[in-house]
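Below, the structure written as structure tokens:
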């Protein structure tokens, strides 16, 4: 008895054919892979485009407390 053959194409034997099949038969899986792959691919591409259009990077968030705007209490001066 011959082994059962699957109608789903194998990815490594024909990637474009597999992508067409997956887009029709399993669209949620196909588009989640496409959107998931767009993030790492866009990381080196997007920042130069942002800077070209004038979007500047924000100032870094301070990691220290800025202090007070008035002098601290000095017990030698006799009060506040």
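Residue numbers (this note's numbering): 4 to 83.
Heads up, the beta-carbon is just placed ideally off N, CA and C, and yes, glycines get one too.
Rounded to whole angstroms, what's the CA-CA distance from residue i to residue j? Just pull it up for me.
i	j	result
residue 12	residue 37	18 Å
residue 55	residue 61	16 Å
residue 46	residue 52	11 Å
residue 20	residue 14	8 Å
residue 49	residue 28	32 Å
Look at the Cβ atom of residue i, then the Cβ atom of residue j, and state whether they are nearer than 7 Å.
i	j	result
residue 33	residue 41	no
Let me know the secondary structure DSSP gives residue i once reduced to three states.
i	result
residue 24	helix
residue 35	helix
residue 44	helix
residue 68	coil
residue 63	coil
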